[in-house]
Amino acid sequence: MNLDTTSVALDNPSTQFPLIHSNGNSGTTLGNEYYSALKALNAFEEIFSKIEFHQRDYYPLGDEAWLKARAQRQAQWANIGSLKKYLETHTDHCFQSAT
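Heads up, the sequence shown is in the working numbering, so the first residue is 11 and it goes up one at a time.
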């Protein structure tokens, strides 16, 4: 039985969202907590993007070092994007559940 009836839950069937009910946290409380985490992640993303990332810091280690470092950094950007989507959908679901 699927009790998650928000449009967010319907649009993301593989994601397990919390069920907002009278014996748990309110949708507003959880929504605010997820939203606070999302705002902090956005601030982190801005700071992370300002880190000067340049090949000149890797070339003494050989060509492979830069390629490896760049791939690792791209993976971290993908992780940030994944976490951002998680927080956004959970925020939206909780606020939709509060109404």
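All C-beta atoms, glycine included, are put in the ideal place defined by N, C-alpha and C.
Because the structure is a prediction, the values reported are computed rather than measured.
The residue among H31, F54, S107 with its C-alpha nearest the C-alpha of K94 is F54. With a contact defined as Cβ atoms closer than 8 Å, A79 and I30 miss out at about 43 Å.
Take S32, set aside five residues on each side of it, and no residue of its chain has a beta-carbon closer than 6 Å to its own. With contact defined as three or more Cβ pairs closer than 8 Å, the region 21–29 and the region 82–94 are not in contact. Straight through space, the alpha carbons of L48 and R83 are spaced by roughly 21 Å. With 16 or more neighbouring CB atoms inside 10 Å of its own CB, G41 falls in the buried class. The three-state secondary structure of T39, taken from DSSP, is helix.
The distance from the Cβ of H103 to that of A19 is about 6 Å, consistent with a contact at the 8 Å cut-off.
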